[in-house]
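Undergrad: The structure is given below, and queries will be raised subsequently.
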Amino acid sequence: MSRSSPNHTLLLLLMLGLAFNQVDRLALGLLLQDIKHELLLSDTQLGLLSGIAFALFYSIMGIPIARWADRGDRVTIISLTAAIWSLAVALCGIATSFAQLLLIRIGVAIGEAGYMPPANSLIADSFGRDQRPRATAIFLLGAPVGAILGYFVAGWLNELVGWRMTFVLLGAPGLAFAILFRSVLRDPRSSARSASLPAGLSEPSHKPSILAAFTVLSRNRTFLHLLIGYSIMCFFSHGIGLWKSAFFIRSHGLSTGELGTWFALIYGVGGIAGTALGGELASRRAAGDEALQLRTMALVTLAFGALSALVYLAPDRYIAFGLLFVGVVGVNTAIAPLFATIQTLVPPHMRAMAIAIVYLFANLIGMGLGPLAAGMLSDLLTASLGSEALRYALLCLCPGYAWCAAHLWRASHTVLADITRQQHGTHGDAI
């Protein structure tokens with residue numbers, strides 16, 4: 345794969361795929377209240393449904409799929425798993441009980457687990473170190489695009505056709521994407537068998553086992569700090585984010601259509617602005633200086649925690665929305681440099697596995713326990729606080745972002761030395 349227009353096509357399609365990969369999770373948060381009333385579920389059950397049950401399978405399946413991605417055709421893997429998750433999202437619309445919806449969400453998790461590891465690996469193989477933050481940022485623009493679909497489209501679809509048909513309509517486009525992706529792209533690794541590739545793209549003769557890969561990565565101090573920091577961030581962001589829609593519906597009296605419009609603007613426009621800004625600044629102002637990138641990420645994460653707390657203390661919905669928008673722009677500047685740094689830290693033949701390991705811990709801890717913790721805390725506070733219990737449950741989670749920021753800051757002290765060691769093969773000796 346050359347480093348010109350084919351790479352632009354790759355990024356565009358990966359961005360589109362990420363939007364479809366994210367949309368159902370965002371829509372689920374918006375639709376929780378209607379699902380709760382129709383299926384007569386508690387907040388704890390909703391936390392299980394959107395949290396640990398999904399995260400457990402998403403995280404565990406990511407490891408063998410990542411190992412496959414480090415060996416096989418990543419375009420085929422992405423196409424196949426996209427078809428699986430899209431079909432499962434559509435099937436959510438036929439669930440008539442908690443158990444049925446739980447099983448279908450597990451199917452969604454298995455499919456979606458196959459996207460991020462091969463996608464990040466493809467980007468890392470197609471772009472150099474200096475361009476990687478910008479390329480990763482373009483890819484991650486799919487998340488705010490998914491926010492527009494997941495909030496605005498799903499919010500108004502729910503008003504018009506109900507939550508069941510909303511899931512059906514959200515799942516269908518992903519099937520078309522799976523076919524398009526397989527038809528248009530070719531894994532650059534396939535060309536390695538018949539032509540020489542730039543350094544970093546050729547396959548090693550020996551592939552490390554999952555245990556060997558984890559052992560090597562665990563010796564990398566920066567990787568460990570980023571793994572821990574991102575996992576902590578996910579615990580609080582998923583715990584707060586999944587319940588944010590229910591909070592505005594309960595405490596501010598918004599409909600799903602109104603809230604979907606506001607969240608599409610906040611997470612869509614704000615996410616696009618922040619993600620693009622973060623990638624551009626990292627590539628232009630801090631190219632090759634991952635230490636500066638990580639210090640900036642730490643400060644941004646700390647500020648985001650403070651802004652998040654103010655959102656739940658704001659007496660007026662418009663003040664809360666304004667604070668949320670500023671926070672979303674800020675925190676999204678940190679995501680692209682973080683993942684670009686991880687890809688630079690690890691050997692080329694372990695890139696998909698490194699991302700899968702990050703997602704294993706981040707999703708088990710974050711997506712798995714965060715929503716459940718918030719739901720349980722909300723149920724616990726309901727007896728004394730009534731309809732405002734969720735507000736204070738989410739407020740209690742906001743200071744946790746400072747813990748994440750501390751690990752990002754510590755990672756900034758070791759990152760350049762660890763990158764140098766990786767480039768000279770020190771961390772890879774064991775494999």
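Numbering (my numbering), first residue to last: 345 to 775. Backbone N, C-alpha and C fix where the C-beta goes; we use that ideal spot for every residue, glycine too. Remember, it's a predicted structure, so these values are computed and weren't measured experimentally.
1. Within 8 angstroms, do at least three Cβ pairs link the stretch 638 to 647 to the stretch 588 to 603?
2. Can you list, in chain order, the residues of its chain with a C-beta nearer than 8 angstroms to that of residue 739? Leave out the 5 residues immediately preceding and following it.
3. What did DSSP end up calling residue 440 once you bin it into helix, strand or coil?
4. Roughly how many angstroms lie between the CA atoms of residue 711 and residue 579, to the nearest whole one?
5. Excluding the five sequence neighbours on either side, which residues of its own chain have a C-beta within less than 6 angstroms of the C-beta of residue 695, listed in chain order?
6. Find out if the Cβ-Cβ distance for the pair residue 577, residue 402 is shorter than 8 angstroms.
7. Using only alpha-carbon positions, find the residue among 623, 505, 425, 449 that is nearest to residue 400.
8. Report the rounded CA-to-CA distance for residue 568 versus residue 679, giving the unit in angstroms.
9. Quick check: the Cα distance between residue 519 and residue 473, rounded to an integer number of angstroms?
10. Going by CA-CA distance only, name the one from 387, 374, 396 that's closest to residue 724.
11. For a quick check, are the C-beta atoms of residue 394 and residue 374 less than 8 angstroms apart?
12. Below 7 angstroms CB to CB, which residues in the same chain sit around residue 721 once its five sequence neighbours on both sides are set aside?
13. Here's the rule: buried if 16 or more other CB atoms are within 10 angstroms of the residue's CB, otherwise exposed. What is residue 628?
14. Taking its Cβ as the centre, do 16 or more other Cβ atoms sit within 10 Å of residue 415, making it buried, or is it exposed?
15. In chain order, which alpha helix (DSSP H) runs of at least 4 residues are fully inside the stretch 397 to 485?
16. CB-CB under 8 angstroms to residue 622, same chain, minus the five flanking residues each way: which ones, in chain order?
17. Quick one: Cα of residue 528 to Cα of residue 421, how far?
18. Would DSSP call residue 659 helix, strand or coil?
19. For residue 619, count the other beta carbons within 10 Å of its own beta carbon; 16 or more makes it buried, fewer makes it exposed. Which is it?
20. What do you reckon, are the CB atoms on residue 322 and residue 398 nearer than 8 angstroms?
21. Given this structure, state the Cα-to-Cα distance separating residue 660 from residue 733, to the nearest angstrom.
22. Leaving out five residues on either side along the sequence, give the residues of the same chain with a beta carbon under 7 angstroms from the beta carbon of residue 651.
23. Let me know the secondary structure DSSP gives residue 597 once reduced to three states.
24. Taking C-beta to C-beta, are residue 608 and residue 492 nearer than 8 angstroms?
25. Apart from the five residues just before and just after residue 726, which ones in its own chain have a Cβ nearer than 6 angstroms to its Cβ?
26. Can you look up residue 537 in the DSSP assignment and give me helix, strand or coil?
27. Does the Cβ of residue 663 have 16 or more other Cβ atoms within 10 Å, making it buried, or fewer, making it exposed?
28. From residue 764 to residue 673, what does the alpha carbon distance come to, in whole angstroms?
29. So, are the CB atoms of residue 521 and residue 665 less than 8 angstroms apart?
30. Using a Cβ-Cβ cutoff of less than 7 angstroms, which residues in the same chain neighbour residue 641 once the five nearest sequence positions on both sides are dropped?
31. Rank 389, 606, 498 by C-alpha distance to the C-alpha of residue 446 and give the top, closest one.
32. What residues in its chain sit with their C-beta under 7 angstroms from that of residue 575, if we drop five residues either side in the sequence?
TA: If we stick to the structure as given:
1. no
2. 653, 656, 657
3. coil
4. 6 angstroms
5. 465, 468, 687
6. no
7. 449
8. 17 angstroms
9. 33 angstroms
10. 387
11. no
12. 737, 740
13. exposed
14. exposed
15. 418 to 435, 442 to 456, 460 to 470, 476 to 484
16. 477, 481, 676, 677, 678, 679, 680, 681
17. 14 angstroms
18. coil
19. buried
20. With the chain running from 345 to 775 in the structure shown, residue 322 is simply not present.
21. 17 angstroms
22. 667, 670, 671
23. coil
24. yes
25. 733
26. Model confidence at residue 537 stands at a pLDDT of 49, short of 50, so the residue's coordinates are unreliable and nothing is read from them.
27. exposed
28. 32 angstroms
29. no
30. 678, 681, 682, 752
31. 389
32. 705, 706, 709, 710
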